[in-house]
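Input: a single structure, listed below in structure tokens.
In the numbering used here, the protein residues as written are 15 to 511.
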């Protein structure tokens with residue numbers, strides 16, 4: 015009887031890999047491509063593979079500190095760039111395409127309860143380390159070996175090269191490349207020019223054990239963009255860490271803090287300020303009508319409340335200046351007259367201020383169009399989470415239709431980038447009805463572009479399919495969608511027990 019070694023024996027892993035012409039499992043091995051972002055793409059795929067590899071090891075208490083350091087090292091590197099996220103999603107897909115990939119992911123997701131399922135450990139060992147390999151030339155041996163070759167190629171360069179090829183072949187949009195290079199974590203579906211890649215990502219919702227992770231990464235791209243939109247109105251963008259209502263509060267607090275800091279240099283107010291403001295509003299209202307005239311009427315009332323009857327203190331000036339600012343548009347030509355009137359009042363309020371105070375206030379004023387756009391978008395967004403379409407509509411509202419048509423409205427370019435990446439509707443797969451069967455036949459998902467090895471159609475796939483059928487515990491096989499997911503695409507759909 016053949017000796018059965020510890021499934022996670024490192025010498026055995028290296029020995030088996032060497033026999034198959036593979037390098038030992040690397041501490042950290044990057045796949046090199048022509049452009050730096052391809053390295054990140056490949057690292058992302060490597061992270062996906064290593065998370066499965068070490069995740070399953072951890073189920074059985076075999077993961078040591080070196081393993082954890084290796085995984086952490088890869089995770090940190092992949093997280094440094096938006097391209098790493100793309101690699102992670104494609105890595106997930108590839109694991110389902112490889113022989114036994116579905117089994118590996120499904121078993122990992124089943125949790126520590128697998129310890130009580132007979133045969134699970136040997137199956138995982140065969141799939142992820144090639145590691146309980148009997149010497150006899152049996153179906154089990156061939157299945158184990160094929161599983162090993164498929165799974166371990168993920169850790170090396172095999173999957174990185176294949177995935178790099180499909181993305182490089184399809185390309186990414188100009189807008190996506192700019193965002194990715196700046197660290198926005200877009201998925202392949204959000205970045206690629208290929209309708210196939212976009213549709214491929216859409217199918218992940220129908221693939222067991224992957225759907226939740228895919229949705230999380232897709233939402234991650236949307237949140238990154240939404241946070242980036244907020245940052246366009248921030249005076250210290252790096253400190254904007256939230257999205258939605260919390261993110262807008264960070265922007266608003268920064269803006270208020272900048273004005274408050276500027277106003278600290280004011281110790282006194284010019285004489286008869288209220289009378290001067292009253293005279294300007296009265297004169298300018300004659301040339302305005304409708305809502306614009308109503309704005310000046312409101313300003314006159316605020317001036318009396320805050321500046322009249324000896325109330326013109328520095329503290330009240332801060333409030334009055336903020337009210338004026340809230341009514342100034344973001345450059346909409348239709349608001350030209352009212353904006354000029356409001357600025358005239360503001361200039362009167364600030365007259366006589368020290369030069370450094372005026373300079374600081376102008377610095378804060380300069381970002382007002384962007385702030386107005388973000389404020390408008392946040393007020394219209396569900397939960398304050400700004401989408402590209404909401405952002406662009408707000409840009410048009412604040413900047414005006416003509417400026418928007420010329421691409422000159424506030425934050426227009428970034429809004430357009432979002433619309434062409436995280437805001438676009440994924441293309442449908444070219445094969446009709448594929449979504450309906452993807453949950454049963456996940457190996458059909460990467461139907462194009464990955465090649466025979468990645469697709470699992472190389473020599474040994476039939477042995478793998480037979481091996482899984484014979485060795486998976488029956489109580490595991492009856493687990494609904496996961497059971498269907500484990501079934502090879504060349505067979506008939508599984509009948510319920």
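Just so you know, even glycine gets a beta-carbon here, dropped at the ideal spot from N, CA and C.
This one's a predicted model, so the numbers in the text were calculated from it and none came from an experiment.
Would you give the residue range spanned by the alpha helix (DSSP H) that residue i belongs to?
i           : result
residue 424 : That residue, residue 424, is in no alpha helix (DSSP H); it is neither H nor E in DSSP.
residue 383 : 382–394
residue 399 : First-last for residue 399: undefined, no H or E at that position.
residue 354 : 350–364
residue 269 : 258–277
residue 288 : 287–299
residue 320 : 304–321
residue 329 : 328–341
residue 371 : 369–379
residue 196 : Premise fails: residue 196 is in no alpha helix (DSSP H) and is neither H nor E.
residue 417 : 415–419
Going by CA-CA distance only, name the one from the options that's closest to residue i.
i           : options            : result
residue 386 : 373, 346, 358, 364 : 346
residue 290 : 243, 336, 365, 390 : 365
residue 283 : 255, 324, 310, 302 : 324
residue 405 : 242, 353, 355      : 242
residue 342 : 373, 333, 357      : 357
residue 297 : 314, 411, 305, 337 : 314
residue 246 : 436, 391, 420, 207 : 391
residue 332 : 302, 369, 271, 381 : 271
residue 381 : 371, 424, 263, 353 : 424
residue 363 : 275, 320, 195      : 320
residue 230 : 259, 206, 199      : 199
residue 275 : 191, 329, 421, 419 : 329
residue 394 : 279, 259, 189, 196 : 259
residue 438 : 197, 212, 79       : 212
residue 367 : 280, 336, 420, 302 : 280
residue 384 : 349, 305, 248, 304 : 248
residue 339 : 310, 236, 322, 421 : 310
residue 334 : 316, 350, 344      : 316
residue 396 : 194, 409, 257, 267 : 257
residue 304 : 349, 375, 370      : 349
residue 377 : 269, 426, 264      : 269
residue 375 : 336, 253, 408      : 336
residue 244 : 234, 236, 265      : 265
residue 252 : 409, 306, 300, 197 : 197
Please name the residue or residues paired with residue i in a DSSP beta bridge.
i           : result
residue 206 : 186
On the premise that residue j lies in contact with residue i, defined as a C-beta separation below 8 Å, what is that separation, rounded to the nearest angstrom?
i           : j           : result
residue 239 : residue 432 : 5 Å
residue 201 : residue 232 : 6 Å
residue 262 : residue 398 : 5 Å
residue 288 : residue 318 : 7 Å
residue 436 : residue 344 : Their Cβ separation, rounded to whole angstroms, is 23 Å, which puts residue 436 and residue 344 out of contact at 8 Å.
Can you tell me whether residue i is buried or exposed? The criterion is at least 16 other CB atoms within 10 Å of its CB, across all chains shown.
i           : result
residue 130 : Low per-residue confidence applies at residue 130: pLDDT is 34, beneath 50, and the placement is therefore not dependable, though the value from the model is reported in the following sentence. Classification for residue 130: exposed.
residue 389 : buried
residue 361 : exposed
residue 255 : exposed
residue 13  : In this structure the chain extends from 15 to 511, so residue 13 is not present and cannot be described.
residue 161 : Note that residue 161 scores a pLDDT of 35, beneath 50, so its modelled location is shaky; the value from the coordinates is reported in the next line. Classification for residue 161: buried.
residue 359 : buried
residue 286 : exposed
residue 312 : exposed
residue 278 : exposed
residue 206 : buried
residue 354 : exposed
residue 373 : exposed
residue 420 : exposed
residue 267 : exposed
residue 294 : buried
residue 352 : buried
residue 370 : exposed
residue 400 : buried
residue 79  : exposed
residue 159 : Residue confidence is low: residue 159 scores 38 on pLDDT, short of 50, so the model does not pin down where it sits. Its coordinate-derived value is still stated next. Classification of residue 159: buried, given that the 10 Å Cβ count is 16 or more.
residue 203 : buried
residue 410 : buried
residue 236 : buried
residue 308 : exposed
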